[in-house]
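Participant:
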């Protein structure tokens, strides 16, 4: 069934109305009266609805049943990624959403080649959030991950350290692995931090350590900056049985 | 240290010579006499060398020590991917190489929208193999994965079924998971088969089942056709301790 993401106020007891882009999308899909659709408003519930009316720019729905969304992971995983070059962040946002990330947070780091200026950032965030929304819809998520951008590395470390299991992936760490970190700390919130093309500096690793982040390897092969966060996120989901 | 992939006959006892693209690449990197480099010839060994001579189009090397490559996974994992649209296969080849795939094999499937004709396939394979070589070099692999293309789905199923643990990932399977398959069959060779944008047909699933492939879910979220093989490969590598 097609899933539509709506704001929480759209579901009003037994009735709901699709408008704007959602109504256009329904029209493109040639949905008609009697067809079933699923409404998600990010509250972890699936609202199964039938279409009762199709009008110009508006689709009337009747809520038939409300079920807990079975596609939201039991582990909340935040993905912190240093601003990469080109459109790699868009790629990571799309894939991390499919794979079950709870939040995707971009931050500047010493070796970042590109970081958007504050002027362009507003527009970019809007675009990134749309990519997350579209990937959430396509993959059947019950929630759209939030996409954010922070001002500094220190701010990112501070926020990441608030997860029960805060992890930083570092190519120069040789012993302590992500699996070690997951086994050592059974919990429900994990943050994963990965660096830019040139990697983190030793100074940054020191700051992260002092804030309580666990410095982990992802194995002997060097992963590109856009591969590492998705590899780590997949490993977390596998560990928590979320790929079962 | 910079890694160079060479054909096995280049390493000749204690001496070796870089020519062609490798010599050009060494020049771009401004390598000079006395610098250390690593030669890989796909035999699972790392040849640590010093540069003894730099000439036009030729770099002379002296082999200092030979060590087993520590970056090759202990599990041999073949990735079978139905021909996807656009340049998604290139993306998967690059990422699967970084993540440790042993072979990447493309095949046609009933719902494939695009499949290269035999005329263009030769050139494409050459290009794909170069992408794998470049990713192997960058990620520090001791071996370049082979990239192949098969003529039919049946041929792919036959080849995949020869792995000790042959797995097909299917979005309509709800119970048996990749983790189940990995736990049920401890082994050293795994094949992972994933479908095109529109998924496998029930007829194809039947053929695969009859050939002994295990039909597995990757969890409740629907992954895009380019995300599924990388997700499955990462899960296998994590399971085998290859991300430690």
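Protein chains in written order, with the working numbering: chain A, 1 to 244; chain B, 1001 to 1244. All residues carry an ideal CB built from backbone N, CA and C; glycine is no exception. All of these numbers come straight from a predicted model, not from anything done at the bench.
Can you pull the chain B residues whose beta carbon is under 7 angstroms from the beta carbon of residue 242 of chain A, in chain order?
Facilitator: In the first chain, residue 242 of chain A corresponds to position 242, counting from 1. Within chain B, the residues near residue 242 of chain A are 1219.
Participant: Could you check where the alpha helix (DSSP H) with residue 36 of chain A kicks off and where it finishes?
Facilitator: The residue you call residue 36 of chain A lines up with position 36 of the first chain. Taken as a continuous stretch (DSSP letters only), residue 36 of chain A belongs to no alpha helix (DSSP H), being part of the beta strand (DSSP E) at 36-40.
Participant: Quick check on residue 64 of chain A - is its C-beta less than 8 angstroms from some C-beta in chain B?
Facilitator: Counted from its first residue, the first chain places residue 64 of chain A at position 64. So, not an interface residue.
Participant: When you compare only the Cα positions, how much space is there between residue 1078 of chain B and residue 1237 of chain B?
Facilitator: Indexing the second chain from 1 puts residue 1078 of chain B at position 78. Indexing the second chain from 1 puts residue 1237 of chain B at position 237. Cα to Cα, the separation comes out at about 12 angstroms.
Participant: Beta-carbon separation of residue 1242 of chain B and residue 1073 of chain B under 8 angstroms?
Facilitator: In the second chain, the residue the question calls residue 1242 of chain B occupies position 242. In the second chain, the residue the question calls residue 1073 of chain B occupies position 73. Yes, they are a contact pair.
Participant: Quick one: Cα of residue 1227 of chain B to Cα of residue 65 of chain A, how far?
Facilitator: Translated into the one-based positions of the second chain, residue 1227 of chain B becomes position 227. Translated into the one-based positions of the first chain, residue 65 of chain A becomes position 65. The straight-line gap from Cα to Cα measures roughly 32 angstroms.
Participant: For residue 1231 of chain B, count neighbouring Cβ atoms within 10 angstroms of its own Cβ and tell me buried if that reaches 16, exposed if not.
Facilitator: Translated into the one-based positions of the second chain, residue 1231 of chain B becomes position 231. Under this definition residue 1231 of chain B is a buried residue.
Participant: Which value, in whole angstroms, describes the spacing of the CA atoms of residue 1140 of chain B and residue 198 of chain A?
Facilitator: Translated into positions along the second chain, residue 1140 of chain B becomes position 140. Translated into positions along the first chain, residue 198 of chain A becomes position 198. Inter-residue distance for residue 1140 of chain B and residue 198 of chain A is about 16 angstroms (C-alpha atoms, whole angstroms).
Participant: In terms of alpha-carbon separation, which member of B:1126, B:1080, B:1004 lies closest to residue 1050 of chain B?
Facilitator: Here residue 1050 of chain B corresponds to residue number 50 of the second chain, with the count starting at 1. The shortest C-alpha to C-alpha distance from residue 1050 of chain B to any of B:1126, B:1080, B:1004 is the one to B:1004.
Participant: In whole angstroms, give me the CA-to-CA distance for residue 1058 of chain B and residue 1012 of chain B.
Facilitator: The residue labelled residue 1058 of chain B in the question sits at position 58 within the second chain. The residue labelled residue 1012 of chain B in the question sits at position 12 within the second chain. Each residue's alpha carbon lies about 15 angstroms from the other.
Participant: With distances taken between CB atoms, is the gap from residue 1001 of chain B to residue 1062 of chain B smaller than 8 angstroms?
Facilitator: As a working mapping, residue 1001 of chain B is identified with position 1 in the second chain. As a working mapping, residue 1062 of chain B is identified with position 62 in the second chain. No, the Cβ-Cβ distance between residue 1001 of chain B and residue 1062 of chain B is not below 8 angstroms.
Participant: Restricting to runs no shorter than 4 residues, where is the alpha helix (DSSP H) found entirely within the region 1215-1242 of chain B?
Facilitator: 1228-1239
Participant: Spell out whether any CB of chain B is found under 8 angstroms from the CB atom of residue 224 of chain A.
Facilitator: Counting from 1 along the first chain, the entry for residue 224 of chain A is found at position 224. Closer than 8 angstroms to some Cβ of chain B, the Cβ of residue 224 of chain A qualifies, so yes.
Participant: Closer than 8 angstroms by beta-carbon distance: list the chain A residues that pair up with residue 1138 of chain B, in chain order.
Facilitator: Locating residue 1138 of chain B in the second chain gives position 138, counting from the first residue. Per Cβ cutoff of 8 angstroms: 222, 224.
Participant: Measure the Cβ-Cβ separation of residue 1093 of chain B and residue 1157 of chain B and say whether it is below 8 angstroms.
Facilitator: Reading the second chain from its first residue, position 93 is the one you call residue 1093 of chain B. Reading the second chain from its first residue, position 157 is the one you call residue 1157 of chain B. Cβ distance not < 8 angstroms, so residue 1093 of chain B and residue 1157 of chain B don't count as in contact.
Participant: Does any C-beta atom of chain A lie closer than 8 angstroms to the C-beta of residue 1096 of chain B?
Facilitator: Within the second chain, residue 1096 of chain B is the residue found at index 96, counting from 1. Not one chain A Cβ lies under 8 angstroms of residue 1096 of chain B.
Participant: Beta-carbon within less than 7 angstroms of residue 1084 of chain B's beta-carbon, same chain only, minus the 5 sequence neighbours each way: which residues are those?
Facilitator: Residue mapping note: residue 1084 of chain B aligns to position 84 of the second chain, counting from 1. Closer than 7 angstroms at Cβ, skipping near neighbours: 1196, 1197, 1225, 1226.
Participant: Going by the DSSP bridge assignment, what does residue 17 of chain A pair with across the sheet?
Facilitator: Working through the first chain from its first residue, we reach residue 17 of chain A at position 17. Looking at the DSSP assignment, residue 17 of chain A forms a beta bridge with A:60.
Participant: Is it true that the CB of residue 76 of chain A sits closer than 8 angstroms to the CB of residue 194 of chain A?
Facilitator: For the purposes of this step, residue 194 of chain A is taken as the residue at position 194 of the first chain. For the purposes of this step, residue 76 of chain A is taken as the residue at position 76 of the first chain. No, the Cβ-Cβ distance between residue 194 of chain A and residue 76 of chain A is not below 8 angstroms.
Participant: Name the two residues that bound the continuous alpha helix (DSSP H) containing residue 172 of chain A.
Facilitator: On the first chain, residue 172 of chain A is found 172 positions in, with the first residue counted as 1. It is not in any alpha helix (DSSP H) - residue 172 of chain A carries neither H nor E in the DSSP assignment.
Participant: Helix, strand or coil for residue 83 of chain A? Go by DSSP, reduced to three states.
Facilitator: In the first chain, the residue the question calls residue 83 of chain A occupies position 83. In the structure shown, residue 83 of chain A sits in coil (DSSP, three-state: anything other than H, G, I, E or B).
Participant: Using 8 angstroms as the Cβ pair cut-off and three pairs as the minimum, do the region 169-183 of chain A and the region 209-216 of chain A touch?
Facilitator: In the pairwise beta carbon analysis, the region 169-183 of chain A is classified as touching the region 209-216 of chain A: at least three pairs are separated by under 8 angstroms.
Participant: From which residue to which residue does the beta strand (DSSP E) around residue 129 of chain A run?
Facilitator: Walking along the first chain from the start, residue 129 of chain A turns up at place 129. Careful: residue 129 of chain A lies outside any beta strand (DSSP E), inside the alpha helix (DSSP H) at 118-139.
Participant: Between the region 1087-1120 of chain B and chain A, which residues of the former have a C-beta closer than 7 angstroms to a C-beta of the latter?
Facilitator: Under the 7 angstroms Cβ criterion, the region 1087-1120 of chain B contributes 1095, 1098, 1099, 1100.
Participant: Chain B partners of residue 179 of chain A, CB-CB under 9 angstroms?
Facilitator: By one-based count along the first chain, residue 179 of chain A stands at place 179. Chain B residues near residue 179 of chain A: 1238, 1241, 1243, 1244.
Participant: Kindly list the residues whose CB is nearer than 6 angstroms to the CB of residue 142 of chain A, restricted to its own chain and excluding five residues on each side of it in sequence; keep chain order.
Facilitator: In the first chain, counting from the first residue as 1, residue 142 of chain A sits at position 142. Contacts found: 40, 44, 69, 71, 72.
Participant: For residue 1190 of chain B, name the three-state secondary structure that DSSP assigns.
Facilitator: Reading the second chain from its first residue, position 190 is the one you call residue 1190 of chain B. Three-state result, residue 1190 of chain B: strand.
Participant: For residue 95 of chain A, does the count of other Cβ atoms within 10 angstroms reach 16, so buried, or fall short, so exposed?
Facilitator: Taking the first residue of the first chain as 1, we reach residue 95 of chain A at position 95. Classification for residue 95 of chain A: buried.
Participant: Using a Cβ-Cβ cut-off of less than 8 angstroms, list which residues of the region 1127-1154 of chain B approach chain A; keep chain order.
Facilitator: Those would be 1138, 1139, 1140, 1141, in chain order.
Participant: With 8 angstroms set as the bound, which would you pick, yes or no: does the beta-carbon of residue 1071 of chain B sit closer than that to a beta-carbon of chain A?
Facilitator: Sequence index remark: in the second chain, residue 1071 of chain B carries index 71 (1-based). Closer than 8 angstroms to some Cβ of chain A, the Cβ of residue 1071 of chain B qualifies, so yes.
Participant: If you count every other CB in all the chains shown that lies within 10 Å of the CB of residue 167 of chain A, and 16 or more means buried, which is it?
Facilitator: The residue you call residue 167 of chain A lines up with position 167 of the first chain. That one is buried.
Participant: Assign residue 165 of chain A to buried or exposed, taking buried as 16 or more other Cβ atoms, counted over all protein chains shown, within 10 Å of its Cβ.
Facilitator: Mapped onto the first chain, residue 165 of chain A falls at position 165. Burial call: buried.
Participant: Cβ closer than 8 angstroms: which chain A residues qualify as neighbours of residue 1227 of chain B?
Facilitator: For this step, residue 1227 of chain B is matched to residue 227 along the second chain. Chain A residues near residue 1227 of chain B: 95, 98, 99.
Participant: Enumerate in chain order the residues of its own chain whose CB-to-CB distance from residue 200 of chain A is below 7 angstroms, with the five nearest sequence positions on each side excluded.
Facilitator: For this step, residue 200 of chain A is matched to residue 200 along the first chain. Same-chain partners within the cutoff: 109, 170.
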